[in-house]
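Trainee: Let me give you the structure first, and then I'll get to my questions.
Numbering (our numbering), first residue to last: 40 to 253.
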């Protein structure tokens with residue numbers, strides 16, 4: 040058995056459910072858990088309230104730490120150079136606040152339906168990225184500013200945005216496998232190309248902008 044510690048983004052211990060093969064356990068109050076791991080590596084799934092990570096861990100290796108992102112209550116600002124991956128083990132994950140991603144931060148969703156409460160918004164600015172693999176985002180609006188990006192990371196699966204999207208880019212911007220279920224509005228000077236995408240709710244394009252969906 041190998042001891043592994045499980046923490047949140049700030050390094051605080053979390054009470055997580057751990058699964059590997061047929062083994063299941065819960066971390067103790069210090070975030071530690073003894074896990075049967077192969078020396079060549081075992082795939083471990085660790086989750087907190089249905090959101091978690093999959094990570095390869097190794098038997099007999101001391102000091103292994105797994106960071107599990109935890110969705111906060113209320114508004115969430117992801118900033119700086121933070122890169123957070125949320126992977127859902129349940130069908131959907133509710134989120135009660137507004138979501139802002141800024142600076143060079145990245146939020147990547149895997150197999151997740153992220154549901155914001157009614158009236159709540161998503162804002163991306165600077166060089167921020169919101170990406171998804173086989174995922175859905177539900178919010179009132181998604182507003183894109185500066186050089187921010189919204190795209191799937193897989194050419195095999197769609198990233199569905201069930202929101203009105205306002206895209207205020209300057210110059211050329213591209214995305215792939217992006218499905219926008221409600222209205223897409225492009226600000227002036229925005230030249231957007233969505234490869235293998237769809238805009239299902241209508242499009243508003245300014246005279247100085249262009250939209251190409253292939």
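Cβ atoms here follow ideal geometry from the backbone N, Cα and C, with glycine treated the same way. All figures in this text were calculated on a predicted structure; none of them were measured in a lab.
Using three-state DSSP, classify residue 44 as helix, strand or coil.
Mentor: In this structure, residue 44 counts as strand in the three-state DSSP scheme.
Trainee: Measure the CB-CB distance between residue 169 and residue 189 and report whether it falls below 7 Å.
Mentor: Yes, they are a contact pair.
Trainee: Measure the Cβ-Cβ separation of residue 225 and residue 238 and say whether it is below 7 Å.
Mentor: Against a cut-off of 7 Å, the Cβ pair of residue 238 and residue 225 comes out as no contact.
Trainee: Using a threshold of 7 Å, state whether the C-beta atoms of residue 178 and residue 202 are closer than that.
Mentor: Cβ atoms of residue 178 and residue 202: closer than 7 Å.
Trainee: Might you give, ordered along the chain, the residues of its own chain that have their beta carbon closer than 6 Å to the beta carbon of residue 73, omitting 5 neighbours on each side?
Mentor: If we look at residue 73 and ignore the five residues flanking it on each side, its Cβ neighbours are 40, 42.
Trainee: In the stretch 47-113, which residue ranges form an unbroken beta strand (DSSP E) of at least 3 residues, counting only runs that do not cross its ends?
Mentor: Complete beta strand (DSSP E) runs here, min 3: 56-59, 62-65, 71-74, 81-87, 90-96, 103-106.
Trainee: Where does residue 239 fall in DSSP's three states?
Mentor: Correct three-state label for residue 239: coil.
Trainee: Could you check the C-alpha separation between residue 47 and residue 242 for me, to the nearest Å?
Mentor: Taking the straight line joining both Cα atoms gives about 40 Å.
Trainee: From this set, 94, 198, 54, 59, which residue's C-alpha is nearest residue 220's C-alpha?
Mentor: With distances taken between Cα atoms, residue 220 lies closest to 198.
Trainee: Report back the beta-carbon spacing between residue 104 and residue 124 to the nearest angstrom; my notes put them in contact at under 8 Å.
Mentor: Contact doesn't hold; Cβ gap of about 16 Å is too wide.
Trainee: Any idea what DSSP makes of residue 208, helix, strand or coil?
Mentor: Of the three classes helix, strand and coil, the one that applies to residue 208 here is coil, per DSSP.
Trainee: Name the two residues that bound the continuous beta strand (DSSP E) containing residue 168.
Mentor: Start and end: 168-172.
Trainee: Taking its Cβ as the centre, do 16 or more other Cβ atoms sit within 10 Å of residue 157, making it buried, or is it exposed?
Mentor: So residue 157 counts as exposed.
Trainee: Taking residue 283 and residue 180 to be in contact with their CB atoms under 8 Å, please state how far apart those CB atoms are, rounded to whole angstroms.
Mentor: No answer is possible for residue 283: the residues shown for the chain start at 40 and end at 253.
Trainee: Under the rule that 16 or more other beta-carbon atoms within 10 Å means buried, what is residue 245, buried or exposed?
Mentor: With fewer than 16 Cβ atoms within 10 Å of its Cβ, residue 245 is classed as exposed.
Trainee: With distances taken from CA atoms, which of 186, 165, 147 is nearest residue 174?
Mentor: It is 147 whose Cα lies nearest to the Cα of residue 174.
Trainee: So the beta strand (DSSP E) residue 137 belongs to, where does it begin and stop?
Mentor: First-last for residue 137: undefined, no H or E at that position.
Trainee: Which first and last residues belong to the beta strand (DSSP E) in which residue 194 is found?
Mentor: That residue, residue 194, is in no beta strand (DSSP E); it is neither H nor E in DSSP.
Trainee: Please work out which residues of its chain come closer than 6 Å, Cβ to Cβ, to residue 205, disregarding the five sequence neighbours upstream and downstream, and give them in chain order.
Mentor: Cβ within range, chain order: 182, 224.
Trainee: Does the beta-carbon distance from residue 142 to residue 118 come in below 7 Å?
Mentor: Against a cut-off of 7 Å, the Cβ pair of residue 118 and residue 142 comes out as a contact.
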